[in-house]
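J.:
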Amino acid sequence: MENIIPPSGLSRRGFLGIAGVAATIPLLAACAPGASGTVDANTVLKFWDMPWGAPKYSDTAAEIVKGYSQSGMPSWSYQTIQWNNFYQTFSSAIASNTGPAVSGGGGFQAFQFAELGKIAYADNLIETMKKSGSYDDFLPGTIDSMKTAKGYVAMPWAMDLRVFWYKKSLLEKAGAEVPTDWDSLVTTGKALRKIGVSGFGIAGGSGYNHAPQAIITMMLNNNGGLFDKDGKLDCVTDRNIEAVEFVKQLVAENIIDPGMISYSMDNLVSQWAEDKVGFGVHEPGLALQLGDTTGDVLVSSPLTGPHGDQGTLMFVNNIMMYTNSPSQEASESFLEYYLDNMITLWKDDAVSRIPVRQSIVDLPIFQENAQFVKIVKEYQPIAKSYAYPASSGFAGLAAVDGGMQLWQFAQTVLEGKTDAKKSLESLSTELAKVL
Amino acid sequence: MTSTVTTRSRWGRGGVGLGGRGAATPPPVRTGRLSMNKFVLLLMALPSLLVILLINVYPLLYAANQSVRQGSLIDAGPLVGSDNFTDVLTDKMFWEAAGFTLVFTLVGVFGSWVVGFAIALALRTKIPAAGVFKVLLLLPWVIPVVSSAMAWNWLIATPTSPIPLMFEALGLGHPLFLADPSLAMVTVCVFKVWISFPFMMLMMSSALAGVDESVYEAGRMDGASRWQQLTQLTLPMIARPIYISWILMTIFCVNDFTTVYLLTGGGPVGATNTLLVLAYRTVFQDMRTGPGVAIAFLMTFVLVVISVFLYRQIRKSSLQ
Chain A
1 MENIIPPSGL
11 SRRGFLGIAG
21 VAATIPLLAA
31 CAPGASGTVD
41 ANTVLKFWDM
51 PWGAPKYSDT
61 AAEIVKGYSQ
71 SGMPSWSYQT
81 IQWNNFYQTF
91 SSAIASNTGP
101 AVSGGGGFQA
111 FQFAELGKIA
121 YADNLIETMK
131 KSGSYDDFLP
141 GTIDSMKTAK
151 GYVAMPWAMD
161 LRVFWYKKSL
171 LEKAGAEVPT
181 DWDSLVTTGK
191 ALRKIGVSGF
201 GIAGGSGYNH
211 APQAIITMML
221 NNNGGLFDKD
231 GKLDCVTDRN
241 IEAVEFVKQL
251 VAENIIDPGM
261 ISYSMDNLVS
271 QWAEDKVGFG
281 VHEPGLALQL
291 GDTTGDVLVS
301 SPLTGPHGDQ
311 GTLMFVNNIM
321 MYTNSPSQEA
331 SESFLEYYLD
341 NMITLWKDDA
351 VSRIPVRQSI
361 VDLPIFQENA
371 QFVKIVKEYQ
381 PIAKSYAYPA
391 SSGFAGLAAV
401 DGGMQLWQFA
411 QTVLEGKTDA
421 KKSLESLSTE
431 LAKVL
Chain B
1 MTSTVTTRSR
11 WGRGGVGLGG
21 RGAATPPPVR
31 TGRLSMNKFV
41 LLLMALPSLL
51 VILLINVYPL
61 LYAANQSVRQ
71 GSLIDAGPLV
81 GSDNFTDVLT
91 DKMFWEAAGF
101 TLVFTLVGVF
111 GSWVVGFAIA
121 LALRTKIPAA
131 GVFKVLLLLP
141 WVIPVVSSAM
151 AWNWLIATPT
161 SPIPLMFEAL
171 GLGHPLFLAD
181 PSLAMVTVCV
191 FKVWISFPFM
201 MLMMSSALAG
211 VDESVYEAGR
221 MDGASRWQQL
231 TQLTLPMIAR
241 PIYISWILMT
251 IFCVNDFTTV
261 YLLTGGGPVG
271 ATNTLLVLAY
281 RTVFQDMRTG
291 PGVAIAFLMT
301 FVLVVISVFL
311 YRQIRKSSLQ
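Chains A and B, in that order, are what the protein sequence lines are. The first sequence begins at 1 in the numbering used here and counts up one residue at a time. The second sequence begins at 1 in the numbering used here and counts up one residue at a time.
This is how it looks when you write it as structure tokens:
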């Protein structure tokens with residue numbers, strides 16, 4: 001009986017139509033662009049930062065942000081974004097216009113978002129800093145590493161370099177010298193192998209960038225690289241083949257432990273701690289990570305390649321401004337303040353990264369760390385980016401750095417079964433897909 | 001017999017399922033209009049409907065759109081039609097990942113079922129402190145996979161880890177559990193069986209509890225051996241829960257991201273890459289949204305086919 005419909009009833013199609021419209025309204029609302037316009041002093045703008053060290057880092061950075069006060073300018077909030085899935089976090093926030101006005105992030109994130117029109121270029125800020133004199137405080141090449149054809153995509157705040165480390169006690173035990181070039185690295189590696197120690201520590205596990213970065217460090221050390229001067233993919237070169245052959249030799253001689261193909265970074269650090277690694281490429285903070293207070297974990301001088309070249313891989317950690325900021329003027333004012341006051345991070349020993357400003361390098365607390373000083377003095381001048389020999393970065397580097405291709409290539413090399421040239425050809429094919 | 005045939009024919013038309021109107025109920029008259037009562041009810045259901053649309057249908061449509069475009073997480077990009085699917089299906093890495101996903105699923109489903117079923121049978125016998133055993137056996141399922149994967153990594157990853165040291169002490173060489181591609185595949189599968197068998201054990205225990213003891217008594221009186229009782233009485237009688245557990249475990253295995261990602265990350269040299277890990281890495285590490293979503297769609301399609309096949313087996317076993 002309930003099938004008899006009163007004249008005033010709604011048809012099913014009508015109901016579905018209403019439901020459809022009702023469902024569309026919140027979707028459209030969610031997709032609508034964010035508000036834009038002027039910004040007053042009561043507005044709070046967002047600065048997102050990454051956890052660049054111990055919890056003390058975030059606390060200190062938050063204090064610096066809290067200390068920002070400019071007449072007529074908005075105040076800023078500080079939020080830490082975890083590295084896990086950070087790209088999704090930024091992407092979804094930026095796509096929905098709920099992202100930050102200024103942020104830190106991945107090394108090539110600014111290039112990537114700039115290509116999508118989401119980055120506010122820092123050229124104007126750089127002009128301001130030139131006038132104030134603080135521009136000259138930046139170490140050579142650090143600001144230029146952010147330059148693209150359209151402008152500066154971000155401002156540098158610190159550096160991350162790949163550095164050769166050794167354990168003095170293990171080298172003494174093996175009766176080996178600190179390597180200075182590739183040949184002496186093999187000699188030292190063989191001596192270390194005799195006492196059951198790996199002579200080239202590497203973490204080749206899937207998803208870990210350590211092994212690919214170590215192999216690319218060897219390529220750069222031989223004046224090779226993944227690109228040509230115009231930024232076009234060019235990785236199957238004689239210098240790269242030579243570098244990969246050398247790494248394969250380290251595998252064949254057991255100087256690289258066969259198990260390292262699956263090591264995570266934690267595995268590798270634990271092997272350093274357990275005296276199972278005597279030499280290897282690592283981040284600048286290895287001695288601090290190992291808690292070494294006896295001066296046993298030391299930075300060696302950069303190796304010299306077979307043709308007399310030197311070089312290592314460098315990442316410039318940077319801070320970028322976004323186009324969805326309610327006020328570009330406010331973003332620039334804040335970023336200038338932050339860059340001028342981030343010295344507190346080093347003064348308070350809240351960060352263990354290599355600074356990009358001479359005034360921070362000159363701090364007594366920084367000068368006390370002989371390893372850091374050596375890195376700035378000997379490694380920074382020879383450091384090169386992934387883009388080398390191209391002079392500017394580009395968006396594709398983000399996929400190169402974070403993508404599968406590099407660590408799969410590294411695992412192929414560490415497996416030792418594939419010819420060096422074939423490994424590089426395969427890498428070239430795979431990289432072409434993401435570039 | 002007549003009744004069974006009637007039921008089957010009705011099911012065959014798909015018109016009446018469980019909770020249907022029954023043979024005596026006249027078919028409803030379709031008028032195309034709603035009563036006021038129904039309208040109010042539907043209006044009240046509207047918020048839930050919107051939530052379902054937002055959290056299920058919208059992402060699905062959005063993903064379907066991305067699978068035919070070449071873009072990023074921020075910008076969907078230009079339409080490329082079926083190119084992403086073609087690229088994925090002609091990629092060697094996809095087929096390698098599909099191969100390991102198949103192996104991982106087969107071992108995960110049947111390995112955990114065999115172990116779980118065997119333990120469930122063993123627990124039917126009277127043993128002292130059976131409750132304690134049951135709780136202990138549930139631990140691999142209860143402990144978060146993140147914790148157990150970290151624990152396994154600590155146990156086997158490096159030459160100085162406990163298990164490699166134990167192998168060395170026993171004169172069994174230096175196995176590279178995570179570094180050798182073949183051994184890594186075995187390790188990942190064994191880990192999957194280890195974390196999954198308690199689920200199967202629970203499913204099978206409850207299924208076995210439902211089998212009437214008198215069936216076995218009758219079997220014994222007819223001279224059935226233990227093996228015959230198992231294969232011709234127990235298994236047919238619990239076929240339905242077995243199929244259900246296989247369906248669930250198939251879905252768990254195909255959709256298992258954490259096990260592979262945390263233990264090997266898909267390596268070494270892609271040996272333990274599953275389709276899900278590949279899809280994740282393609283989208284979030286290679287930044288290729290279209291091909292990554294295409295992988296996820298292909299995976300879902302295969303999963304639906306397998307689930308439908310197993311679901312049909314359930315219906316068949318119910319009818320028998």
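Ideal Cβ positions, reconstructed from N, Cα and C, are used throughout, including at glycine.
1. At the 8 Å Cβ level, is R281(B) part of the contact set with chain A, yes or no?
2. Would you call the CB atoms of L138(B) and P198(B) closer than 8 Å?
3. Counting contacts by CB-CB distance shorter than 8 Å, is S270(A) in contact with chain B?
4. With burial defined as no fewer than 16 other Cβ atoms inside 10 Å of the residue's Cβ, what is the status of V251(A): buried or exposed?
5. Could you tell me the boundaries of the beta strand (DSSP E) in which K46(A) lies?
6. Cα separation between G99(B) and A76(B)?
7. The beta strand (DSSP E) with N318(A) in it runs from where to where?
8. I need the boundaries of the alpha helix (DSSP H) containing Q367(A), first residue and last residue.
9. Taking N317(A) as the reference, which of G201(A), V153(A), Q79(A) has the closest Cα?
10. Identify the residues that DSSP records as bridge partners of Q109(A): which are they?
11. Threshold first: 3 residues or longer. Then list the beta strand (DSSP E) segments lying entirely within the segment 57–89 of chain A, N to C.
12. For M249(B), which of K192(B), V305(B), A279(B) has the nearest alpha-carbon?
13. Whole angstroms is fine: what's the gap from V269(A)'s alpha carbon to L290(A)'s?
14. Residue range of the beta strand (DSSP E) that H282(A) falls in?
15. I'd like to know whether the C-beta of I74(B) is nearer than 8 Å to at least one C-beta of chain A.
16. Flag D212(B) as yes if its beta-carbon sits less than 8 Å from any beta-carbon of chain A, otherwise no.
17. When the Cα atoms are used, what is the spatial distance from V68(B) to L79(B)?
18. Look up I195(B) in the DSSP assignment and say whether it is helix, strand or coil.
19. Would you say E425(A) reaches chain B, if we count a Cβ-Cβ gap shorter than 8 Å as a contact?
20. So for T237(A), helix, strand or coil by DSSP?
21. Considering Cα atoms alone, identify which of I195(B), L178(B), V51(B), F177(B) is closest to V107(B).
22. Taking CB distances under 8 Å as the criterion, tell me whether S300(A) reaches chain B.
23. Return no unless some Cβ of chain B is closer than 8 Å to the Cβ of D257(A).
24. Would you please verify whether the beta carbon of S158(A) is less than 8 Å from any beta carbon of chain B?
25. So, does the CB of P268(B) fall closer than 8 Å to a CB anywhere in chain A?
26. Would you report the Cα separation of I143(A) and L435(A), rounded to the nearest angstrom?
27. Please tell me whether L233(B) and V215(B) are closer than 8 Å, where the distance is taken between their beta carbons.
28. So, does the CB of A184(B) fall closer than 8 Å to a CB anywhere in chain A?
29. Could you check the C-alpha separation between S391(A) and E329(A) for me, to the nearest Å?
30. Give the C-beta separation of V146(B) and I295(B) to the nearest angstrom, bearing in mind that I take them to be a contact with Cβ-Cβ under 8 Å.
31. Can you tell me whether DSSP reads I119(A) as helix, strand or coil?
32. Tell me the residue span of the beta strand (DSSP E) that contains V254(B).
33. How about L414(A) and A211(A): do their beta carbons lie closer than 8 Å?
34. Scan the segment 83–129 of chain B and note each continuous beta strand (DSSP E) run of 3 residues or more that stays entirely inside, going in chain order.
35. Just to check my reading of the structure: G99(A) and N324(A) have Cβ atoms closer than 8 Å, yes? What is that Cβ distance to the nearest angstrom?
36. Please list, in chain order, the chain A residues whose beta carbon lies closer than 9 Å to that of L102(B).
T.: Once the coordinates are examined:
1. Interface residue, yes.
2. Contact flag set, yes.
3. At least one chain B Cβ lies under 8 Å of S270(A).
4. Classification of V251(A): buried, given that the 10 Å Cβ count is 16 or more.
5. In the DSSP assignment, K46(A) falls within the unbroken beta strand (DSSP E) covering 44–49.
6. If you take the alpha carbons of G99(B) and A76(B), they lie about 30 Å apart.
7. First-last of the beta strand (DSSP E) with N318(A): 312–322.
8. Note, Q367(A): alpha helix (DSSP H), 364–367.
9. Checked all of G201(A), V153(A), Q79(A); the closest Cα to N317(A) is V153(A).
10. In the DSSP assignment, Q109(A) is bridged to no other residue.
11. Within the segment 57–89 of chain A, the complete beta strand (DSSP E) runs of at least 3 residues are 75–80.
12. Of K192(B), V305(B), A279(B), the residue nearest in Cα terms is K192(B).
13. Counting only the Cα atoms, L290(A) lies some 7 Å from V269(A).
14. Where H282(A) is concerned, the enclosing beta strand (DSSP E) stretches over 279–282.
15. Under the Cβ criterion of 8 Å, I74(B) is counted among the residues facing chain A.
16. Between D212(B) and chain A, the shortest Cβ-Cβ separation is not below 8 Å.
17. The alpha-carbon atoms of V68(B) and L79(B) are separated by roughly 6 Å.
18. Note: I195(B) maps to helix in three-state DSSP.
19. It does not; no Cβ of chain B falls within 8 Å.
20. Three-state DSSP puts T237(A) in coil, outside helix and strand.
21. Check the Cα spacing between V107(B) and each of I195(B), L178(B), V51(B), F177(B): the tightest is with I195(B).
22. Cβ-Cβ to chain B under 8 Å: no for S300(A).
23. Taking Cβ atoms only, chain B reaches closer than 8 Å to D257(A), which makes this a yes.
24. The identity of residue 158(A) in the sequence shown is Ala, whereas the question assumes Ser. Taking 8 Å as the CB threshold, A158(A) stays off the interface with chain B.
25. With 8 Å as the cut-off, P268(B) counts as an interface residue toward chain A.
26. When only Cα atoms are considered, I143(A) and L435(A) end up about 24 Å apart.
27. Cβ atoms of L233(B) and V215(B): closer than 8 Å.
28. Taking Cβ atoms only, chain A reaches closer than 8 Å to A184(B), which makes this a yes.
29. A direct Cα-Cα distance of roughly 29 Å separates S391(A) from E329(A).
30. Incorrect: roughly 24 Å between the Cβ atoms, too far for contact.
31. Three-state result, I119(A): strand.
32. That residue, V254(B), is in no beta strand (DSSP E); its alpha helix (DSSP H) goes 239–254.
33. Yes.
34. Correct list: empty.
35. G99(A) to N324(A), Cβ: 6 Å. Contact.
36. Neighbours of L102(B) on chain A: none; closest Cβ ~20 Å, over 9 Å.
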